[in-house]
Amino acid sequence: MKSFIVIGLGRFGSAAAQELYEMGHEVIVVDRNEEAVNHLANRSTHAAIGDARELEVLRAVGAGECQCAIVAIGEDLAASVLITMNLKDLGCRQIICKAQNEMYKRALERVGADRVLIPEREMALRLARSLGSRSFLDYMEFSDEYAIAEFEVPKSWVGKSLKSLNVRTKHQVSILAIRSQDGKQTRMSPGGDDCIEKGDTIMVMGKNQNLQRLQRL
Ligand code: ATP
């Protein structure tokens, strides 16, 4: 079980808080809007009404003891910046912020956010990559640089072992799992002797450009 604090209970913050709570984690939620807080009162460990720009508000709910904070405020960049700085000062170990655009993202990283998401942009990229490429079935950004993609194996790989394909060195990606065409068999963390069969789907992790290159084989 991990402890989270979610600040800002709009669509993004409340969905994240609820999901984390349902997964069995400790979740503190804070919003200055009473209605938003009441909505999550029974779906969080502790729900508090307050202006999270105030250091004392964050201290009082125990923000500094949380393992991870999610700052989910959209428009008000100044508020997100102040809250991130306060969370940092209180010793919060990981701070994830939502941002509206690249400029907001840069500002939040500058004041110490560990990860900044631009949700609309990330969803759009993910959708475009999975719809627009020949073979990606799913595509999940892991960080700005790395992603995990799922796609059908290139035809030229069929019948060959991972060792003989030299995937890590040649393509600079790691194969996390191989699933058979009928979906009945999944090989997790496959080794060099594992062989690719016709119709197999692979889950691969690597740099974005290496994944794009791989699916063009
Ligand atoms: P979403 O797209 O997730 O619905 P949004 O991007 O439109 O949200 P906002 O509506 O600006 O974001 O803010 C989200 C929530 O954050 C709101 O419920 C708002 O009351 C709350 N909020 C904004 N500023 C503060 C603050 N200083 N302290 C506490 N809560 C705040």
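With my numbering applied, the sequence shown has no gaps in its numbers, which climb one by one up to 1141 at the end.
C-beta atoms are modelled at their ideal positions from N, C-alpha and C, and glycine is treated no differently.
I1072 places its beta carbon 8 Å or farther from that of I1099. Annotated as distal: V1005 and L1041, with beta-carbon spacing of 8 Å or more. When the five nearest sequence neighbours on each side are left out, the beta carbons in the same chain lying within less than 7 Å of the beta carbon of R956 are those of I973, G974 and D975, in order along the chain. Counting every other CB atom within 10 Å of its CB across the protein chains shown gives G1130 a total of 16 or more, marking it as buried. Between ligand 1 and the CB of R956, the shortest heavy atom gap is smaller than 7 Å. For the 8 Å CB-CB criterion, F928 and E950 form a contact. Annotation for M1009: V1035 place their beta carbon closer than 6 Å to its own, counting only its chain and skipping 5 residues before and after.
Counting only the Cα atoms, K1022 lies some 10 Å from E1044. Per the C-alpha coordinates, the member of V1091, K1029, L982 and I997 positioned closest to K1012 is L982.
Measuring C-alpha to C-alpha distances from E999 to each of N966, G986, Y1028 and I1102 identifies Y1028 as the nearest. Distance from the C-beta of E980 to the nearest heavy atom of ligand 1 is not below 7 Å. Going by C-alpha positions, T1110 is about 44 Å away from I1007.
Per the DSSP secondary-structure output, D1062 pairs in a beta bridge with E1074. Take the alpha-carbon of S1113 and the one of G932: they are about 38 Å apart. DSSP places K1012 in the uninterrupted alpha helix (DSSP H) bounded by L1001 to L1014. Counting only residues of its own chain and dropping the five nearest sequence neighbours on each side, L1061 has a CB closer than 6 Å to the CB of E1074 and F1075.
Here the alpha carbons of G1083 and C1119 stand approximately 6 Å from one another.
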